[in-house]
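First comes the structure, then the notes that go with it.
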Amino acid sequence: LLFVSFMLMAVSASHGQTVAPPDPEAARIQAIAEEAYIFGLPIVIDYRVMYSYAIDTGNREYKAPFNQIKTVNTLLTPADVAIPYPNNDTLFAMGWLDVRAEPVVISLPEVEPGRYYSLMLVDGTGLNYGILGTRSSGRKAGDYLIVGPDWQGETPEGIGRMLRLPTQFGLALTRVQALSGDVPDEVE
């Protein structure tokens, strides 16, 4: 809007009209509103996805309650709209984590050579705070502890790595490369 104000001033000036300069207080308020929008939009979008996936059991996008992982054994299509532009060459397993009461342990199985997988961990603001998979943690099986922002404690024996979720809720999104024969023929 500030740009538009300057453009209107320029057009008016070119037609011989005088226009008062923009009000500094209005410009300050506009700048604050723009920053709030930029900061808040990802949080609102993530909440919409969380609500669709873990809260609204009547939603066609519903996957599973908090702290449970839902495996999707078909490739995504344009009808899957909760997350814009999902890739459709991987199979997904996803779930929303709630670490308010206690940490969550995620156990990953060993993955055979030649297959890509990743577990992307996203906080409640849409930022990645961790990624596990063939490129970052290898193919071996492992247990990972996801803790909340205020958690105080020792990492239990047998846990390969502890990751701190900066918010109380977060998304765990696993992608596994779909190879020939992984999905029914009518989906390919």
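All the letters of the sequence shown, read from the start, carry residue numbers 176 to 363 under our numbering. C-beta: ideal position from N, C-alpha, C; glycine also.
key: Inter-residue CB distance, residue 340 and residue 298 (contact presumed, cutoff 8 Å)   = In this structure residue 340 is in contact with residue 298, their Cβ atoms being roughly 6 Å apart against a cut-off of 8 Å.
inquiry  = Between the region 283 to 294 and the region 241 to 256, can you find at least three pairs of beta-carbon atoms closer than 8 Å?
reply    = no
message = Assuming contact is defined by CB atoms lying nearer than 9 Å, are residue 272 and residue 346 in contact in what I supplied?
response = yes
message = On the criterion of 16 or more Cβ atoms from any shown chain inside 10 Å, does residue 198 qualify as buried, or is it exposed?
response = exposed
key: Rounded straight-line distance, which links the Cα of residue 311 to that of residue 237   = 29 Å
task = Give the C-beta separation of residue 245 and residue 268 to the nearest angstrom, bearing in mind that I take them to be a contact with Cβ-Cβ under 8 Å.
result = 7 Å
task = Compare the beta carbon distance of residue 274 and residue 343 with 9 Å and say whether it is the shorter of the two.
result = yes
inquiry  = Starting from residue 202, trace the alpha helix (DSSP H) in both directions and tell me its first and last residue.
reply    = 199 to 225
request  = With DSSP as the reference, label residue 292 as helix, strand or coil.
outcome  = Strand.
Three-way DSSP call (helix, strand, coil) for residue 237 in this model = coil
inquiry  = Just to confirm before moving on: does the CB-CB distance between residue 292 and residue 352 stay below 9 Å?
reply    = yes
request  = May I have the straight-line CA-CA distance separating residue 210 from residue 306, to the nearest angstrom?
outcome  = 28 Å
ask   = CB residue 336 to CB residue 309, shorter than 9 Å?
value = Remark: C-beta atoms of residue 336 and residue 309 do not approach each other more closely than 9 Å.
ask   = Going by C-alpha distance, which of 295, 317, 249 is nearest residue 332?
value = 317
ask   = Just the Cα atoms here: how many angstroms apart are residue 212 and residue 203?
value = 14 Å
request  = Round the Cβ separation of residue 303 and residue 296 to the nearest angstrom and send it over; I've been treating them as touching at under 8 Å.
outcome  = The Cβ separation is near 7 Å, so the contact holds.
key: Option in 249, 338, 215, 226 with minimal Cα separation from residue 325   = When each option's Cα is compared against that of residue 325, the closest is 338.
request  = Say yes only if the C-beta of residue 302 is nearer than 8 Å to one or more non-hydrogen atoms of the ligand SAH, and no if none qualify.
outcome  = The ligand SAH is not part of the structure shown, which contains no ligands of any sort.
ask   = Can you pull the DSSP bridge partners for residue 338?
value = DSSP output for residue 338 lists 321 as bridge partner(s).
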